[in-house]
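Structure record follows, encoded as C-alpha cells.
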Amino acid sequence: MRRILKWGIGLLVVAGVAVGAFALLTGPGGPLAATISAQTPDQVQTVAIRAADSMLGQISASGSIAPVDVEHVVLGVDGTVLEVLVEPGDVVAAGDALLRLDSSDLELSLLMAELDVATAENALAQLQEPASATEIAEARADLLSAQEKLADANEPATALEIQAAQASVAAAWAKY
Numbered sequence: 507m508r509r510i511l512k513w514g515i516g517l518l519v520v521a522g523v524a525v526g527a528f529a530l531l532t533g534p535g536g537p538l539a540a541t542i543s544a545q546t547p548d549q550v551q552t553v554a555i556r557a558a559d560s561m562l563g564q565i566s567a568s569g570s571i572a573p574v575d576v577e578h579v580v581l582g583v584d585g586t587v588l589e590v591l592v593e594p595g596d597v598v599a600a601g602d603a604l605l606r607l608d609s610s611d612l613e614l615s616l617l618m619a620e621l622d623v624a625t626a627e628n629a630l631a632q633l634q635e636p637a638s639a640t641e642i643a644e645a646r647a648d649l650l651s652a653q654e655k656l657a658d659a660n661e662p663a664t665a666l667e668i669q670a671a672q673a674s675v676a677a678a679w680a681k682y
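All residue numbers for the sequence shown refer to my numbering, where the first residue is 507 and numbers rise by one.
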C-alpha cells in the first residue's frame, strides 16, 4: 500500500510540474504567447528601410556554396590527357571541350582501318571479275582429277592389294 502511495504522489508532482510549465509558456506574457501574438495581422508594423551603403560593414551572415549540378565525366576511349581545358568551378555547357587527348594512337588505328577497307574492296573487285579461260580450264582439270581419285577410292580392293598390305603389316611386326 505504501508503495502505491509513493508512486501516486510522484505522478501527481510530475503532472503538476507539467501543467505549471504549460501555463507559464502559453499564458499572457509567456514566450509562446508572444510568438503567437506577433503573427496576428493586427500587430504588423511598417518601418523605413535604410539604404544598403549606410549598413556597410555592419551585416554579417553565414552560408555555404554548392554547385548547381555535378557530373562525372567518363571517356569513351582510352588515351593520354594532353591538356585540361577547364578549371574546377567553371560553368560548362553540353558539347564544350573539357580536355584534349593524345590522338596519335587513334590516328594510327584509323589508318589501319582505312587500309583494311581498301584491301577488302580490292578482294571484292577481284571476286566480281569474270574468270578467264585459263582459270576455268585449270578448275575443270582439278575437278576431273578429284573425280578420278574418288572413283578409285570407291572401288573395292583387289586380292593382290590386300596381300600386299598384309605383307607390309607382317614386315612391320617382324621389325618390331
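Don't be surprised by glycine CBs; every beta carbon is placed ideally from N, CA and C.
- Item | DSSP bridge partner residues for leucine 605 (one or two, in chain order) | Position 99 of the sequence shown, counted from the first residue, corresponds to residue 605. For leucine 605, which the question treats as bridged, DSSP gives the partners Val590.
- Determine the direct distance from the alpha carbon of glycine 585 to that of valine 598, and round the result to whole angstroms. Within the sequence shown, residue 598 is the residue found at index 92, counting from 1. Within the sequence shown, residue 585 is the residue found at index 79, counting from 1. Taking the straight line from one Cα to the other gives about 22 Å.
- Message: Can you list, in chain order, the residues of its chain with a C-beta nearer than 8 Å to that of leucine 607? Leave out the 5 residues immediately preceding and following it.
- Response: Stepping through the sequence shown from its first residue, residue 607 is reached at position 101. Sequence-distant partners of leucine 607 (beyond 5 residues in either direction) whose C-beta falls short of 8 Å from its own C-beta, in its chain, are Leu581, Val583, Gly585, Thr586, Val587 and Leu588.
- Query: If you run the structure through DSSP and keep just helix, strand and coil, what is valine 580?
  - Reply: As a first step, residue 580 must be located in the sequence shown, where it is residue number 74. Coil.
- Query: Within this structure, are the beta carbons of leucine 605 and valine 590 separated by less than 8 Å?
  - Reply: Numbered from its first residue, the sequence shown carries residue 605 at position 99. Numbered from its first residue, the sequence shown carries residue 590 at position 84. Cβ atoms of leucine 605 and valine 590: closer than 8 Å.
- Item | Segment limits, alpha helix (DSSP H) that includes glutamine 634 | Counted from its first residue, the sequence shown places residue 634 at position 128. Run containing glutamine 634: 610-634, per the alpha helix (DSSP H) assignment.
- Message: Please state the DSSP three-state secondary structure of threonine 552.
- Response: In the sequence shown, the residue the question calls residue 552 occupies position 46. Threonine 552: coil per DSSP, three-state reduction.
- Item | Length of the line joining the Cα atoms of valine 592 and asparagine 628 | Here residue 592 is taken as the residue at index 86 of the sequence shown, counted from 1. Here residue 628 is taken as the residue at index 122 of the sequence shown, counted from 1. Valine 592 and asparagine 628 have their C-alpha atoms spaced approximately 46 Å apart.
- Message: For alanine 521 and serine 568, I'd like the C-alpha separation in whole angstroms.
- Response: Position 15 of the sequence shown, counting from 1, holds the residue named residue 521. Position 62 of the sequence shown, counting from 1, holds the residue named residue 568. Taking the straight line joining both Cα atoms gives about 42 Å.
- Query: How big is the Cα-Cα spacing for alanine 626 and leucine 617?
  - Reply: The residue you call residue 626 lines up with position 120 of the sequence shown. The residue you call residue 617 lines up with position 111 of the sequence shown. Annotation: alanine 626 to leucine 617 spans about 14 Å, alpha carbon to alpha carbon.
- Item | Endpoints, the alpha helix (DSSP H) within which isoleucine 642 is located | Numbered from 1 along the sequence shown, position 136 holds the residue referred to as residue 642. Its alpha helix (DSSP H) spans residues 639-660.
- Where the alpha helix (DSSP H) through serine 674 begins and ends: By 1-based counting over the sequence shown, the position of residue 674 is 168. Note, serine 674: alpha helix (DSSP H), 665-681.
- Query: Taking the C-alpha atoms as reference points, what is the distance between alanine 645 and serine 651?
  - Reply: As a first step, residue 645 is located in the sequence shown; it is residue number 139 there, counting from the start. As a first step, residue 651 is located in the sequence shown; it is residue number 145 there, counting from the start. Near 10 Å, if we compare the C-alpha coordinates of serine 651 and alanine 645.
- Query: Per DSSP, what kind of secondary structure is alanine 527 in: helix, strand or coil?
  - Reply: In the sequence shown, residue 527 corresponds to position 21, counting from 1. Shown here, alanine 527 sits in a helix according to DSSP, grouped into three states.
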